[in-house]
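So the sequence lines, in the order shown, correspond to chains A and B. FYI, in our numbering the residues of the first sequence are 344 to 449. FYI, in our numbering the residues of the second sequence are 26 to 145. Each residue gets a CB set at the ideal place from its N, CA and C atoms; glycine is no exception. Because the structure is a prediction, the values reported are computed rather than measured. See below for the structure under consideration.
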Amino acid sequence: DVQMTQSPSSLSASVGDRVTVTCRASQSVYNYLHWYQQKPGEAPKLLIYAASNLQSGVPSRFSGSASGTTFTLTIAGLQPEDGGLYHCQQTLHFPHSFGQGTKVEI
Amino acid sequence: EAQLVESGGALVQPGGSLRLSCVVSGFTFKSYWMTWVRQAPGKGLEWVAHIDRDGGRQTYVGSVKGRFTISRDNAKNSLYLQMNGLTVDDAGIYFCARVGNGTYWGIDHWGRGTPVSVSS
């Protein structure tokens, strides 16, 4: 199975900060990599699909990039409502594995 | 707007069975692959299974193969997960979700989840 490793496990940042979360795949997943945001007690929400495509309705301060098997989610100008758990997922290989999650505290 | 509503979660003893259901609305159900994802308490997400548009093709994570069965009824806009031989490791919130079209298999809509507890 493809292992997805997110870093950091948690971070604390202030409103207006630029925040980056990294996800590394144990093998190539091409651009079949997606990012989700999950707030406490809620279902996850798709932010970025195929490594760098912003899902409809998601604020443009969220962006995704890729370099080989390393993927990055960037929040440019952190907002109070951005706190939560962020997950990456690869969907090239079965099972469609997730990272362990990154908790973002404001 | 797409809506997915799960039900069927409960407290069950180890070795027991449960059938989860998910009723969807707001989109053409038969046009989408569907999936189940679970989340153990305080843990990350785990992809469990998915099913193609007409129900003919299913894929599972290794830990549930032979115990869980994903199915759908397009006439009833419903997705199911039959879970047999439950263990404590199967406990968590189970999310019904839609695989987006054109999202490289990214999941674009999720239900709020139904809780499954496994304990004697």
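Residue-chain proximity (residue i, chain B), Cβ-Cβ < 8 angstroms
| i | result |
| --- | --- |
| A:Ala419 | no |
| A:Phe405 | no |
| A:Gln380 | no |
| A:Pro383 | no |
| A:Pro351 | no |
| A:Gln443 | yes |
| A:Gln346 | no |
Residue i to residue j span [Cα, whole Å]
| i | j | result |
| --- | --- | --- |
| B:Glu26 | B:Gly51 | 5 angstroms |
| A:Gly384 | B:Arg137 | 8 angstroms |
| A:Thr434 | B:Lys55 | 21 angstroms |
| A:Val364 | B:Tyr129 | 21 angstroms |
| A:Asp425 | A:Leu390 | 11 angstroms |
| A:Pro351 | A:Gln370 | 20 angstroms |
| B:Arg44 | B:Thr53 | 23 angstroms |
| A:Phe441 | A:Gln346 | 8 angstroms |
| B:Trp61 | B:Val89 | 12 angstroms |
| B:Tyr85 | B:Ile118 | 17 angstroms |
| B:Lys46 | B:Tyr105 | In the sequence as presented, Lys is not what sits at residue 46 of chain B; that position holds Ser. B:Ser46 and B:Tyr105: Cα-Cα distance of roughly 5 angstroms. |
| B:Ala35 | A:Asn396 | 37 angstroms |
| B:Leu111 | A:Phe405 | 39 angstroms |
| A:Leu376 | B:Asn126 | 15 angstroms |
| A:Gln443 | B:Lys68 | 7 angstroms |
| B:Ala65 | A:Ser408 | 29 angstroms |
CB contact check: residue i to chain A, cutoff 8 angstroms
| i | result |
| --- | --- |
| B:Tyr57 | no |
| B:Phe54 | no |
| B:Gly41 | no |
| B:Leu70 | yes |
| B:Phe120 | yes |
| B:Gly136 | yes |
| B:Val86 | yes |
| B:Asp133 | yes |
Beta bridge counterpart(s) of residue i as assigned by DSSP
| i | result |
| --- | --- |
| A:Ser406 | A:Thr417 |
| A:Phe441 | A:Gln432 |
| B:Trp61 | B:Ala74 and B:Cys121 |
DSSP-derived helix/strand/coil call for residue i
| i | result |
| --- | --- |
| B:Trp90 | The question names Trp, yet the displayed sequence has Lys at residue 90 of chain B. DSSP places B:Lys90 in coil when its eight states are reduced to three. |
| B:Asp133 | strand |
| B:Thr113 | Residue identity check: residue 113 of chain B is Val in the sequence provided, not Thr. Looking at B:Val113 - three-state DSSP - the assignment turns out to be helix. |
| A:Glu424 | helix |
| B:Ser42 | coil |
| B:Ser32 | strand |
| B:Asn99 | helix |
| A:Lys382 | coil |
| A:Ala446 | A small correction: the amino acid at residue 446 of chain A is Lys; Ala does not occupy that position in the sequence shown. If DSSP states are grouped into helix, strand and coil, A:Lys446 belongs with the strands. |
| B:Ser56 | helix |
| A:Asn396 | strand |
Contacting positions in the segment 367-378 of chain A - beta carbon closer than 8 angstroms to chain B: Asn374, Tyr375 and His377
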